[in-house]
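Residue numbers (the numbering used here): 2 to 526.
Think of the CB as a built atom: it goes at the ideal place given N, C-alpha and C, for glycine as much as any other residue.
Computed from a predicted structure; not experimentally measured.
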């Protein structure tokens, strides 16, 4: 942290607190903390200025508001050493709007963070003072190592146990941080490899490439061992990933957790070099201002991948803004599963019978007794989410469930897991995928065995959710005998027998049919 950064004030006393650091009092300091009120972050970068307001489950927050303006504060910095005059004017207008919006949304706290352009420019302090005078926003200017650490924490918000290397590219800088596993961040470094900085290098493309190779070569030597996974953070990386999706014909247009091989990245960089930028913009919907930086970012990525030699590259939509939120969490909250926390919150807010998802999981869990923990985790999430879309029109409920699962802004899921969860929820409401707008190409992301398991889970929830509306395990128990090819429903009480009507029996037999076994009912009374 830069020594002259202005601290955020204590929300209650309006005085700086020496133990809380520049980001204010901890938001989540109780062991049972789950929900949070609206928390805002204004991120003043070299290329964009953005306001994000988080709301919802603390461990996997929803984006209540998200707006960015591509101001280009760092444009021309290499030649002048100062912020772009046009960028300053546009940023100030944007910040006035963001301050007014935050006030209208009752955002507390609101943290304003500035990165490379403001910290490196001659007029950065002047701009910071102007912003505070005009808007009342108190800007915290982070140094490069701190920016890298916060971006790494943003990645940890979505991948709690992540290991590897994160690379966050902005307009004027590029940060690297090592993820050590168990929520720990290791070495953090910064560099001048942002596209806006590279534009100012004299000597043409040859000199720029030599500069990139030299800088990344030194970083690779500093960080040492080859990372298993490289996590890419930043708008320019996301734009390249979006182009990779189009080139490959990838069916799920969700950037978070999108994975690429080093070979695919090289092919996409070659594709970018050979394709007109207007064509690329039309294919991906990328803004003109962002696309202008993509060729330079591609040059950096090419050398980055060749130098660090990661086995896999993953896109993270979470970065410094999410890292600021993660900063406020205690260790207990950080260790929680972001997917399960988000599912719990969705159930509490939207389900007809909040809390029933846990009972439903206990009812269907015997069908997955031998499943791996990561599969049981998805079963649990599906049960929590099984009823959150009940307000949708019955004719489209299955499709809405699928879309919510596959395209929601959720952390802690691979793309294959998104499709598995979506399929299970689709079959929770509909026996067949026919008659829906389901994209069959998405099934290519799953092995056939997982497609079958997702359908079984959906049918199990479809049966369990209508068999009993309180605690289905009080009335009946499921047990699967794979070797005997038998699914047994043991009805435990008279009320259980009463609940097992015609529709329940039809759904039970449909479940047995999906598993490929005989369905047998045993009545105690």
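Tell me whether the beta-carbon of residue i lies closer than 8 Å to the beta-carbon of residue j.
{"i": "residue 52", "j": "residue 102", "result": "yes"}
{"i": "residue 233", "j": "residue 314", "result": "yes"}
{"i": "residue 458", "j": "residue 425", "result": "yes"}
{"i": "residue 474", "j": "residue 253", "result": "no"}
{"i": "residue 500", "j": "residue 461", "result": "no"}
{"i": "residue 47", "j": "residue 118", "result": "yes"}
{"i": "residue 256", "j": "residue 243", "result": "yes"}
{"i": "residue 75", "j": "residue 290", "result": "no"}
{"i": "residue 224", "j": "residue 166", "result": "yes"}
{"i": "residue 218", "j": "residue 308", "result": "yes"}
{"i": "residue 183", "j": "residue 149", "result": "no"}
{"i": "residue 1", "j": "residue 311", "result": "A question about residue 1 goes unanswered here, because the residues of the chain that appear run from 2 up to 526."}
{"i": "residue 399", "j": "residue 431", "result": "yes"}
{"i": "residue 464", "j": "residue 505", "result": "yes"}
{"i": "residue 141", "j": "residue 40", "result": "no"}
{"i": "residue 479", "j": "residue 368", "result": "yes"}
{"i": "residue 89", "j": "residue 65", "result": "no"}
{"i": "residue 43", "j": "residue 152", "result": "no"}
{"i": "residue 316", "j": "residue 268", "result": "no"}
{"i": "residue 216", "j": "residue 192", "result": "yes"}
{"i": "residue 451", "j": "residue 421", "result": "yes"}
{"i": "residue 82", "j": "residue 123", "result": "yes"}
{"i": "residue 50", "j": "residue 92", "result": "yes"}
{"i": "residue 104", "j": "residue 168", "result": "no"}
{"i": "residue 484", "j": "residue 518", "result": "no"}
{"i": "residue 300", "j": "residue 378", "result": "no"}
{"i": "residue 288", "j": "residue 71", "result": "yes"}
{"i": "residue 144", "j": "residue 120", "result": "yes"}
Name the two residues that bound the continuous alpha helix (DSSP H) containing residue i.
{"i": "residue 199", "result": "196-199"}
{"i": "residue 518", "result": "Run containing residue 518: none; DSSP gives neither H nor E here."}
{"i": "residue 220", "result": "205-224"}
{"i": "residue 388", "result": "No alpha helix (DSSP H) holds residue 388; DSSP gives it neither H nor E."}
{"i": "residue 159", "result": "145-159"}
{"i": "residue 430", "result": "416-430"}
{"i": "residue 405", "result": "398-408"}
{"i": "residue 97", "result": "86-105"}
{"i": "residue 293", "result": "Element bounds for residue 293: n/a, residue is neither H nor E."}
{"i": "residue 339", "result": "339-351"}
{"i": "residue 471", "result": "First-last for residue 471: undefined, no H or E at that position."}
{"i": "residue 357", "result": "357-365"}
{"i": "residue 281", "result": "278-285"}
{"i": "residue 126", "result": "125-136"}
{"i": "residue 81", "result": "78-81"}
{"i": "residue 120", "result": "117-121"}
Along the chain, where does the beta strand (DSSP E) containing residue i start, and where does it finish?
{"i": "residue 140", "result": "140-142"}
Which one or two residues does DSSP pair with residue i in a beta bridge?
{"i": "residue 491", "result": "478, 523"}
{"i": "residue 41", "result": "54, 111"}
{"i": "residue 182", "result": "185"}
{"i": "residue 68", "result": "52"}
{"i": "residue 538", "result": "The question about residue 538 has no answer here: the residues shown for the chain are numbered 2 through 526."}
{"i": "residue 167", "result": "178, 232"}
{"i": "residue 63", "result": "56"}
{"i": "residue 190", "result": "177"}
With a cut-off of 8 Å on the beta carbons, I'd call residue i and residue j a contact; round off their distance for me.
{"i": "residue 361", "j": "residue 240", "result": "Not confirmed; about 41 Å, so no contact."}
{"i": "residue 132", "j": "residue 177", "result": "Going by Cβ atoms, the distance from residue 132 to residue 177 rounds to 29 Å, so no, they are not a contact pair."}
{"i": "residue 196", "j": "residue 294", "result": "4 Å"}
{"i": "residue 115", "j": "residue 170", "result": "Not confirmed; about 17 Å, so no contact."}
{"i": "residue 387", "j": "residue 358", "result": "6 Å"}
{"i": "residue 100", "j": "residue 138", "result": "6 Å"}
{"i": "residue 306", "j": "residue 266", "result": "6 Å"}
{"i": "residue 510", "j": "residue 520", "result": "5 Å"}
{"i": "residue 427", "j": "residue 434", "result": "7 Å"}
{"i": "residue 411", "j": "residue 61", "result": "6 Å"}
{"i": "residue 214", "j": "residue 304", "result": "6 Å"}
{"i": "residue 389", "j": "residue 348", "result": "6 Å"}
Can a CB atom of chain D be found closer than 8 Å to the CB of residue i?
{"i": "residue 120", "result": "No chain D is part of this structure, which consists of one protein chain only."}
>> Does the structure place the region 318-334 close enough to the region 149-161 that three or more beta carbon pairs sit under 8 Å?
In response: yes
> Are three or more beta carbon pairs between the region 444-457 and the region 488-495 nearer than 8 Å?
Replying inline: no
> Any contact of the region 278-292 with the region 334-346, i.e. 3+ C-beta pairs under 8 Å?
Replying inline: no
> For the 8 Å Cβ check, are there 3 or more pairs between the region 395-411 and the region 360-378?
Replying inline: no
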